[in-house]
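Positions 6 to 258 (the working numbering) are the ones given, in order, by the sequence shown. Glycine residues also receive a C-beta, built at the ideal position from the N, C-alpha and C atoms. None of the values given here were measured: they were computed from a predicted structure. In what follows, a structure is listed as structure tokens, so that the remarks can point back to it.
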Amino acid sequence: MPHLSIVIPAYNEENRIGWTLKETFSYLDKQNYTSEVIVVNDGSTDRTVETARNFESQATGRLRLIENPGNRGKGYSVRNGMLQAAGEIILFFDADLATPTSEIVKVVEPIAGGRYDVVFGSRAIDRSLIGTHQSPAREIIGRAGNLIQFAFTGLRFKDTQCGFKAFRKEAAQAVFKLQRIDGFGFDPEILFIAKKQGWRLLETPVRWNHVEGSKLNPILSPIKVLMEVSTIGWNNLIGKYDSVKAEESADTT
């Protein structure tokens with residue numbers, strides 16, 4: 006069993022996945038623990054898979070490619086990778102590597118030390134760590150969205166959407182089996198489930214840089230995320246985040 010698994014969801018990332026894997030393996034090669042990297046291909050129509058496979062020789066058995074059944078969404082991709090990961094600690098981050106590999110220790114060490122079960126990066130705790138900012142409009146939309154998310158979920162975190170989250174394996178298995186949102190609204194959902202289950206959560210400041218090339222529509226995407234987040238309370242009310250009921254529901258679908 007590797008100490009650390011890293012899950013990277015990827016959809017049409019041929020221009021960025023190569024650099025991200027190079028940086029990731031460069032970091033891992035310097036560590037004194039075992040590791041694996043899982044790239045989850047979400048139905049890419051470009052050369053994402055071929056570009057990733059170029060690192061198989063460098064990875065020496067540490068790179069796995071998982072194929073989604075078509076383009077299913079970021080939430081689906083992360084869940085697929087997290088549930089198949091073998092590591093004692095499982096971290097997922099975005100293919101653009103907006104949060105650099107130097108920050109991995111910030112989310113892994115508190116779990117390895119036995120103090121927390123879920124540790125996730127935040128851009129809002131210390132904004133001086135943000136190098137390249139998003140446009141002012143995007144930042145305003147993001148802050149407003151976080152307030153609305155609080156209204157729907159009650160989560161008292163400053164930044165639920167940063168794509169840099171680590172889980173103890175047992176927590177990952179328990180949380181992601183109950184995840185229902187396949188789109189970008191899955192981030193607050195998994196934190197909601199983790200909190201509901203009683204796992205120890207830590208939000209920690211990380212370095213972050215906006216990377217051009219995002220496939221998100223700056224207007225429509227936040228609206229879609231908020232529509233997804235609005236289902237969390239209802240899902241909780243009807244028992245979809247209860248392990249027994251969720252397993253029964255899964256057996257009947």
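Residue i, enclosing alpha helix (DSSP H) - first and last residue
| i | result |
| --- | --- |
| P115 | I109 to A117 |
| V54 | T53 to R58 |
| F181 | K174 to F181 |
| G80 | K79 to Q89 |
| S31 | I22 to L33 |
Residue i and residue j closer than 7 Å at C-beta
| i | j | result |
| --- | --- | --- |
| A64 | V44 | no |
| T39 | N46 | no |
| R84 | F181 | yes |
| S10 | G75 | no |
| S127 | P210 | yes |
Pairwise C-alpha distance: residue j and residue i
| i | j | result |
| --- | --- | --- |
| I135 | F98 | 17 Å |
| I13 | L26 | 9 Å |
| P193 | N214 | 21 Å |
| P105 | Y246 | 32 Å |
| G66 | F125 | 27 Å |
| M6 | Y32 | 19 Å |
| E41 | E208 | 24 Å |
| N151 | V234 | 10 Å |
| I22 | E55 | 10 Å |
| K229 | A57 | 30 Å |
| A117 | W204 | 15 Å |
| M232 | G168 | 19 Å |
| S133 | V216 | 17 Å |
| F155 | D51 | 37 Å |
| A103 | N20 | 14 Å |
| Y121 | N59 | 35 Å |
| N37 | V113 | 13 Å |
| I71 | R161 | 34 Å |
| Q166 | S62 | 33 Å |
| L35 | T236 | Here the sequence assigns Lys to residue 35, which means Leu is not the residue at that position. Looking at the two C-alpha atoms, the distance is approximately 42 Å. |
| I195 | T137 | 27 Å |
| A199 | L206 | 8 Å |
Enclosing beta strand (DSSP E) for residue i [first to last residue]
| i | result |
| --- | --- |
| I13 | L9 to A15 |
| N46 | S40 to N46 |
| I195 | Premise fails: I195 lies in the alpha helix (DSSP H), F191 to Q202, not in any beta strand (DSSP E). |
Closest Cα partner of residue i within the set the options
| i | options | result |
| --- | --- | --- |
| M87 | K163, L26 and E175 | E175 |
| V110 | R161, V234, R212 and W24 | R212 |
| E18 | Y32, K79 and S10 | K79 |
| L242 | F197, G203 and I228 | F197 |
| A129 | R69, D164 and N73 | D164 |
| I95 | V123, D101, R185 and L102 | V123 |
| P115 | K170, R132, Y81 and A103 | K170 |
| G244 | E28, N37 and L183 | L183 |
| F30 | K201, S248, T50 and R69 | R69 |
| Q2 | I186, A177 and G119 | Nothing about residue 2 can be read from this structure; the chain reaches only from 6 to 258. |
| W239 | I195, T158 and G48 | T158 |
| I186 | G119, F155, R77 and F60 | R77 |
| G119 | W24, F191, F172 and S49 | F172 |
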